[in-house]
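Report on the following structure.
Number of protein chains: 2
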Amino acid sequence: MAAMWQCQGVSRTVAPAGAVRQGSLRELNLALVLDRIAAAARPPSRADLAARTGLTRATVSAVVEDLIAGRLVSEADPTPRNGAGRPARGLVLAGDGPAGLGLEANVDYLAACVVDLAGRVRHHTVLRADLRPLAPADALARLVGLAAAARADAADQGLTLAGAALAVPGLVDDAGLVRLAPNLGWRDVDVPALLAGHPPLTERVDGVPALVVDNEANLAALGELHAGVAGPASFLHISGEVGIGAGIMLDGTLFRGARGWSGEIGHIPVQPDGRPCRCGGRGCLEQYAGQEAVLLAAGLAGADLPADTAAARLTELAEAGDRATLDALAEAGTALGVTVAGVVNLLDLDTVVLGGGYAPLAPWLRPPVLAEVSRRVLTAAWSPVTVRPAVLGSEAAVVGAAGSVVRRILARPAGWLAHRR
Amino acid sequence: MAAMWQCQGVSRTVAPAGAVRQGSLRELNLALVLDRIAAAARPPSRADLAARTGLTRATVSAVVEDLIAGRLVSEADPTPRNGAGRPARGLVLAGDGPAGLGLEANVDYLAACVVDLAGRVRHHTVLRADLRPLAPADALARLVGLAAAARADAADQGLTLAGAALAVPGLVDDAGLVRLAPNLGWRDVDVPALLAGHPPLTERVDGVPALVVDNEANLAALGELHAGVAGPASFLHISGEVGIGAGIMLDGTLFRGARGWSGEIGHIPVQPDGRPCRCGGRGCLEQYAGQEAVLLAAGLAGADLPADTAAARLTELAEAGDRATLDALAEAGTALGVTVAGVVNLLDLDTVVLGGGYAPLAPWLRPPVLAEVSRRVLTAAWSPVTVRPAVLGSEAAVVGAAGSVVRRILARPAGWLAHRR
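Sequence order for the protein chains is P and E. Per the numbering used here, the very first residue in the first sequence carries number 1; after that it's consecutive. Per the numbering used here, the very first residue in the second sequence carries number 1001; after that it's consecutive.
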């Protein structure tokens, strides 16, 4: 890659090309330098960047000036050096430039979150609210309030929101239409149309709608991917909430399926003639390992706890050795393990991440999941499967949503620079 | 692509580079011209190829001479043209050049097949044999006999075998070690070591072992991909035999999983506490929709029929309206449908191909599969799933195996040309 950019950088100097070519060269160089700054273990100098990109030092300096002017990059305090010479100033991703707004409308809460270019969470609010009795327009109106508060807080911190992504526990098409979210009771909800009166969420930024709507489990898997855990970039991330969704990560890329509807692990049958499910089917995993099923089995039915409160309550009871809770978690873990074993037999993934409400419950869910995997996966004897809790729990989707906006800027900084002119 | 090759072709003429560069240019041009000949709807002339590749006519002529000399391409009879001028001679893939040998060791049969460059099956033999009582070495010895007969027949037809691929209903590692084939009773069977006394199957050709061992369901899915059906290149291909395997085709590429063990759909649990399975698990799909389960339910247990005979017998009985057979197929189709619904919920594939012994039984299996899909797949109402019989049935794996050798030659013709010197 570097060699190619270098070649193009040289031709730019020697033989200036037309406007289009200039523009695209500039875009490539901006993205390349920004990528090297983002990837560096410690703040690189301009000279380091020249060496790492293959661009000339003059080109690097010009590109860095553009990135600094656009508030994408800032200069770190110089670190003292041993040896002769003035210490070089290192470059870091700006902590006061563009940021991403993440939003989530889930069954029993709304959330908003702001993530800066460096991936730091700068704002995070969760509003408990059972959305099921609400009309979608009313639920979204409350979300707009949360978004406005996040925007104001971001501004106070010197950040500019460059776009937003909304996580919904359902099937979303490319235009932001929620085709079906069984646990919310939403069907064909046109989110962009319902948000039309809120320009910060509906205008287009750099050719992309200011708000992208996506599946909650997909965004949670992306959040986990970028949460900084060393390890394989291929994994199954399971978000255990009222509904159960999965994100299938293959070599760092989310597998979305033929039409974008992949990951509905909660509706894999575990008992074909079993309990009826809201989806119209029977015996779906959700009916055995979803939050409501676990609460019911633990004797907490009707408590109507939000996902992380439910997980915290179950954790508390399990830690206290409450028999009903331990049995409920064992039963849920077994159902989850049966399904995970089937998925591993089919896809041969070597890492399963227990996310969402499952993350804090992993000490109790992991053993039965591993037992089913070892009993049912053909290759388990010589190809072990790692089952681990997610680094992010219930906040993975909203953090992943905000992070997806940030990564779009990092991948195409020229768009951001053009937009803010 | 074409522009890049053209650019390289020009630089070759203008400024001859070193030996390595020459070699790789020649390889690229050989592969490019051969690809265009293979893809053409009707035999292209040298002038057509120059237009389609962007190479000069002189380069095309030189490349075509190499391909003809290497028996990869031959000249078709000239087709009469309307209008002035001598009819141009079209070029076709040679029918008397290198060919691929496909082999299969399945539970109750051995098979061998030869496929020429154009994808035509030139030899196909199936030997009924229950391999379960045999030691792996004895089973492979019989396969060597089949391979020798295929080789002799190919030679009689002017073909040269350029390599072989062996399909096994089990988990195979990169070195050809069969880690586990539950229905054969094989565990850690080192196929290349057992074939060491048979040089045509063990020497290396062009850096690749003369014999590649692969999973039967994977090769069957590849066979189906290249069987010439128009349609999406993303599908789930299910091979229904004694065991049930799947090949997951995503955009024309086989999805092999993290370590190459994907596709074990037969061991997805359909009744977690159900019938014990040879794999050590319980309630695996194989125990409800595998050949033995269907025969047992249809009252044909102990008949011990090979896969295609079993399918033919079941077809005959179903067509005659035999109640037990119809019930057995409905039950198998339902179990298959429950599993397929789970897979579609997880992966959002829009096409499911019923292959192997399922192909002729599709008229009876398809309705219950579709019923379960429509009942259980969240997106079924607006994103229909196509369920169709495979074009190739039980022969898909052995044909796909032979075809995989042919496609290796087409992708890298220089290797073949170097080898035959």
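Just so it is clear, CB atoms sit at the ideal spot from N, CA and C, and this is done for glycine as well.
inquiry  = Going by beta-carbon coordinates alone, are P:S262 and P:I244 separated by less than 8 Å?
reply    = By one-based count along the first sequence, residue 262 of chain P stands at place 262. By one-based count along the first sequence, residue 244 of chain P stands at place 244. At the C-beta level, P:S262 and P:I244 stay beyond 8 Å of one another.
ask   = Is there a Cβ from chain P that is less than 8 Å from the Cβ of E:D1350?
value = For the purposes of this step, residue 1350 of chain E is taken as residue 350 along the second sequence, with counting starting at 1. So yes, E:D1350 belongs to the interface.
message = Between which two residues does the beta strand (DSSP E) holding P:S74 run?
response = Indexing the first sequence from 1 puts residue 74 of chain P at position 74. If you look at P:S74, you'll find it in the beta strand (DSSP E) that goes V73 to E75.
ask   = Roughly how many whole angstroms lie between the Cα atoms of P:A129 and P:G185?
value = Stepping through the first sequence from its first residue, residue 129 of chain P is reached at position 129. Stepping through the first sequence from its first residue, residue 185 of chain P is reached at position 185. Their Cα atoms are separated by approximately 15 Å.
query = For the segment 1343 to 1370 of chain E, which residues have a CB atom closer than 7 Å to at least one CB atom of chain P, in sequence order?
reply = From the segment 1343 to 1370 of chain E, only V1343, N1345, L1346, L1347, D1348, L1349 and D1350 have a Cβ closer than 7 Å to chain P.
key: Enclosing beta strand (DSSP E) for P:G260 [first to last residue]   = Residue numbering aside, residue 260 of chain P sits at position 260 when the first sequence is read from its first letter. Looking at the DSSP string, P:G260 is not in any beta strand (DSSP E), and its letter there is neither H nor E.
task = List the DSSP bridge partners of P:D214.
result = Residue numbering aside, residue 214 of chain P sits at position 214 when the first sequence is read from its first letter. Paired residues: P:A167.
query = Should E:E1241 and E:G1356 be called a contact, given that it needs their Cβ atoms to be closer than 8 Å?
reply = On the second sequence, position 241 is the one that residue 1241 of chain E refers to. On the second sequence, position 356 is the one that residue 1356 of chain E refers to. Cβ atoms of E:E1241 and E:G1356: closer than 8 Å.
task = Under 7 Å between beta-carbons, which chain P residues line up against E:V1270? List them in chain order, please.
result = The count along the second sequence starts at 1 and reaches residue 1270 of chain E at position 270. Using a Cβ-Cβ cut-off of 7 Å, E:V1270 is close to P272 of chain P, given in chain order.
request  = Can you say whether P:T386 is buried or exposed, counting buried as having 16 or more other CB atoms within 10 angstroms of its CB?
outcome  = On the first sequence, position 386 is the one that residue 386 of chain P refers to. Residue environment for P:T386: exposed (fewer than 16 other C-beta atoms within 10 angstroms of its C-beta).
key: Delimiting residues of the beta strand (DSSP E) encompassing P:D174   = The residue labelled residue 174 of chain P in the question sits at position 174 within the first sequence. Boundaries cannot be given for P:D174, as no beta strand (DSSP E) includes it and DSSP labels it neither H nor E.
task = Determine the DSSP secondary structure at P:G430, reduced to helix, strand or coil.
result = It is not possible to answer for residue 430 of chain P, since the shown part of chain P is limited to 1 through 421.
ask   = Closer than 7 Å, Cβ to any Cβ of chain P: which residues of the segment 1376 to 1389 of chain E, in chain order?
value = Taking 7 Å as the upper bound on Cβ-Cβ separation, chain P lies near residues R1376, L1378, T1379, W1382 and S1383 of the segment 1376 to 1389 of chain E.
inquiry  = Check whether the segment 44 to 55 of chain P and the segment 388 to 396 of chain P are in contact - that is, three or more C-beta pairs closer than 8 Å.
reply    = Proximity of the segment 44 to 55 of chain P to the segment 388 to 396 of chain P falls short of the contact definition, fewer than three beta-carbon pairs being nearer than 8 Å.
ask   = Rounded to the nearest angstrom, how far is the Cβ of P:A150 from that of P:V107, given a contact under 8 Å?
value = As a first step, residue 150 of chain P is located in the first sequence; it is residue number 150 there, counting from the start. As a first step, residue 107 of chain P is located in the first sequence; it is residue number 107 there, counting from the start. 21 Å between Cβ atoms; not a contact.
query = Mapping DSSP to helix, strand and coil, what is E:P1016?
reply = Locating residue 1016 of chain E in the second sequence gives position 16, counting from the first residue. Note that E:P1016 has pLDDT 32, beneath the 50 cutoff, so the model's placement of it is unreliable and the number below is only indicative. Note: E:P1016 maps to coil in three-state DSSP.
query = What residues of chain P sit near E:H1267, judged by a beta carbon separation below 7 Å?
reply = What you label residue 1267 of chain E is simply residue 267 of the second sequence in a count that begins at 1. The answer, in chain order, is N345, R376 and L378.
message = Let me see if you follow: with CB-CB separation under 8 Å, is E:E1264 close to chain P or not?
response = Working through the second sequence from its first residue, we reach residue 1264 of chain E at position 264. Under the Cβ criterion of 8 Å, E:E1264 is counted among the residues facing chain P.
task = Please look up how many angstroms separate the CB atoms of E:Q1291 and E:G1283, rounded, as I've assumed it's under 8 Å.
result = As a working mapping, residue 1291 of chain E is identified with position 291 in the second sequence. As a working mapping, residue 1283 of chain E is identified with position 283 in the second sequence. About 18 Å; that fails the 8 Å criterion.
query = Which partner residues of E:I1268 appear in the DSSP bridge assignment?
reply = In the second sequence, counting from the first residue as 1, residue 1268 of chain E sits at position 268. Beta-bridge analysis with DSSP links E:I1268 to no other residue.
key: As assigned by DSSP and simplified to three states, the class of P:G403   = If you number the first sequence from 1, residue 403 of chain P lands on position 403. Helix at P:G403.
task = Mind listing the chain P neighbours of E:L1180? Cutoff is C-beta to C-beta under 7 Å, in chain order.
result = On the second sequence, position 180 is the one that residue 1180 of chain E refers to. What E:L1180 touches in chain P: L378.
ask   = Shortest alpha-carbon distance to P:Y109 belongs to which of P:N183, P:S61, P:G337 and P:R122?
value = Indexing the first sequence from 1 puts residue 109 of chain P at position 109. Comparing Cα positions, the closest option is P:N183.
key: Reference E:P1363, options E:A1332, E:V1377 and E:T1339, closest by Cα   = Translated into the one-based positions of the second sequence, residue 1363 of chain E becomes position 363. Checked all of E:A1332, E:V1377 and E:T1339; the closest Cα to E:P1363 is E:A1332.
request  = Can you have a look at E:R1407 and say buried or exposed, based on whether 16 or more other CB atoms are within 10 angstroms of its CB?
outcome  = One-based indexing of the second sequence puts residue 1407 of chain E at position 407. Here E:R1407 is buried. Its C-beta has 16 or more other C-beta atoms within 10 Å.
Members of the segment 211 to 240 of chain P that neighbour chain E once the beta carbon cut-off is set at 8 Å = Of all residues in the segment 211 to 240 of chain P, P232 and S234 have a Cβ within less than 8 Å of some Cβ in chain E.
task = Excluding the 5 residues preceding and the 5 following P:L434 in the sequence, name in chain order all residues of the same chain whose CB lies nearer than 8 Å to its CB.
result = Nothing can be reported for residue 434 of chain P, as the shown portion of chain P is limited to 1 through 421.
message = Quick check: what's the CA-CA separation for P:L410 versus P:V126?
response = Taking the first residue of the first sequence as position 1, residue 410 of chain P is located at position 410. Taking the first residue of the first sequence as position 1, residue 126 of chain P is located at position 126. Their Cα atoms are separated by approximately 27 Å.
Cβ neighbours of P:S61 in the same chain (closer than 7 Å, five flanking residues each side left out) = Translated into positions along the first sequence, residue 61 of chain P becomes position 61. Within the same chain, P:S61 has close Cβ partners R46.
query = Would you say E:S1239 and E:A1050 are within 8 Å of each other, going by their C-beta atoms?
reply = Here residue 1239 of chain E refers to the residue found at position 239 when the second sequence is read from its first residue. Here residue 1050 of chain E refers to the residue found at position 50 when the second sequence is read from its first residue. Cβ atoms of E:S1239 and E:A1050: not closer than 8 Å.
request  = Would you mind giving the Cβ-Cβ distance between P:L101 and P:A164, rounded to the nearest angstrom? I have them listed as a contact below 8 Å.
outcome  = As a first step, residue 101 of chain P is located in the first sequence; it is residue number 101 there, counting from the start. As a first step, residue 164 of chain P is located in the first sequence; it is residue number 164 there, counting from the start. Contact between P:L101 and P:A164 is confirmed by a C-beta separation of about 4 Å, below the 8 Å threshold.
inquiry  = At the level of alpha carbons, what is the spacing between P:E395 and P:S404?
reply    = The residue you call residue 395 of chain P lines up with position 395 of the first sequence. The residue you call residue 404 of chain P lines up with position 404 of the first sequence. P:E395 and P:S404 have their alpha carbons spaced roughly 14 Å apart.
query = How many angstroms separate the CA atom of E:Y953 from the CA atom of E:A1246?
reply = Because residue 953 of chain E is not part of the residues shown, which for chain E are 1001 to 1421, the question remains open.
ask   = Measuring CB to CB, does E:L941 end up less than 8 Å from E:L1067?
value = The question about residue 941 of chain E has no answer here: the residues shown for chain E are numbered 1001 through 1421.
request  = Give the single residue among P:I37, P:C277, P:A111 and P:G299 whose Cα lies nearest to the Cα of P:L131.
outcome  = Residue numbering aside, residue 131 of chain P sits at position 131 when the first sequence is read from its first letter. Put simply, of P:I37, P:C277, P:A111 and P:G299 the residue whose alpha carbon is nearest the alpha carbon of P:L131 is P:A111.
task = Please decide whether E:L1028 counts as near chain P, where near means a Cβ-Cβ distance under 8 Å.
result = To locate residue 1028 of chain E, count along the second sequence from 1; it is residue 28. Not one chain P Cβ lies under 8 Å of E:L1028.
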